[in-house]
Each structure stands twice: as structure tokens, then as C-alpha cells.
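Heads up: the structure comes next, in C-alpha cells.
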Amino acid sequence: MSGKPQILIVDDEPANLKLLGSLLAPEGFRVKVATSGEQALKLLADTLPALLLLDVVMPGMNGYEVCRSIRADTGMQDLPIVLVTGASGADDRAEGLAAGANEVLAKPVAREDLFHTLSRFGLLGAR
């Protein structure tokens, strides 16, 4: 298999999409982006990525709502979901996990935190 798996990044802020993409692309990951929860769900109907990086605060559907929608779909029960939030309180983390996220990362996402999470899901091997 050439390259690494696809990761879907969902964020309404272009700077956040650029930051995450700039961390993932050099490592060989195929990056797909969506700028809304609704767009992400449409993309997920066609292809299932290896991991979803999902912003919490977005217009329209927020990240918690998108997460719950994904978890309600029996075909996507095993999709690893990592919520990315500017709020880093324990309540935000608990709400994210209750919505079905596997992990919650604080913005701005630090390279080491992202790579630790990718390793946790078996997406980043030894260098």
C-alpha cells in the first residue's frame, strides 16, 4: 500500500484546516477537508476515512451533533473521531466523549498531541 490512510478534517476556519493539513501531509497522509458538519456527513456517505478530526464550534451542525449523527449510523460505528476544540475544560472533554468521540484535543493542536493520537489509532508507525 502506498502512502498512509485518508484523514478527514472538518473545520470552518481556513487557518485550522491549513495547520492540520500542514502537519499531516508531510507524513504522507491523504487529507480531505470539509468546512461544515453537513459537508462532512455528505463526504462520509461516499468514503470512510481512517480518522476524522472534527471541530466543535461551527455554524450549522456543531461537532457534538456531527459526532452523534455519525455514531447513530451503524456503518460508521468504528470510525475514530477526534474532536478539536478551543475550549479545554473537563466539561467540554466529557461532552465530547459522551457524544461519541474517541479523543478530544485542544486548539491549537500541537504536533506531538496529534501524532500521539494517530499512533493510538495505529495510523502512525515507527519513524
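The end of the sequence shown is residue 1564 by my numbering, with every number in the run present. We put the beta carbon where it would ideally sit given N, CA and C, even for glycine.
Closer than 7 Å: residue i CB and nearest the ligand MN heavy atom
i, result
"L1561", "Ligands in the displayed structure: none, and consequently the ligand MN is not present."
Between the CA atoms of residue j and residue i - distance to the nearest angstrom
i, j, result
"A1543", "A1536", "17 Å"
"A1563", "A1524", "Bear in mind that a pLDDT of 45 at A1563, under 50, signals an unreliable position, so the model cannot answer this."
"S1506", "A1538", "11 Å"
"L1560", "G1497", "30 Å"
"V1521", "G1474", "13 Å"
"V1546", "F1558", "17 Å"
"E1540", "G1533", "8 Å"
"R1530", "K1479", "26 Å"
"D1550", "D1483", "29 Å"
"M1438", "V1468", "Because M1438 sits at a pLDDT of 42, beneath the cut-off of 50, its placement in the model cannot be relied upon, and the following sentence gives the value as read from the coordinates. So the alpha carbons of these two residues sit roughly 16 Å apart."
"S1556", "E1464", "12 Å"
"L1454", "L1488", "15 Å"
"L1485", "R1548", "24 Å"
"L1481", "C1504", "12 Å"
Per DSSP, the bridge partner or partners of residue i
i, result
"E1540", "V1519"
"V1447", "A1471, L1491"
Closest by C-alpha distance to residue i, when choosing among the options
i, options, result
"H1553", "V1468, Q1476, L1460, T1484", "L1460"
"P1451", "G1465, L1480, M1495", "M1495"
"V1470", "A1487, D1448, L1485", "D1448"
Residue i classed as buried or exposed, judged by whether at least 16 other C-beta atoms fall within 10 angstroms
i, result
"G1512", "exposed"
"P1517", "buried"
"G1526", "exposed"
"D1510", "exposed"
"A1462", "exposed"
"D1528", "exposed"
"D1492", "buried"
- Query: Which runs of the alpha helix (DSSP H) fall wholly inside the stretch 1453 to 1517 and span at least 4 residues, in chain order?
  - Reply: 1474 to 1483, 1500 to 1509
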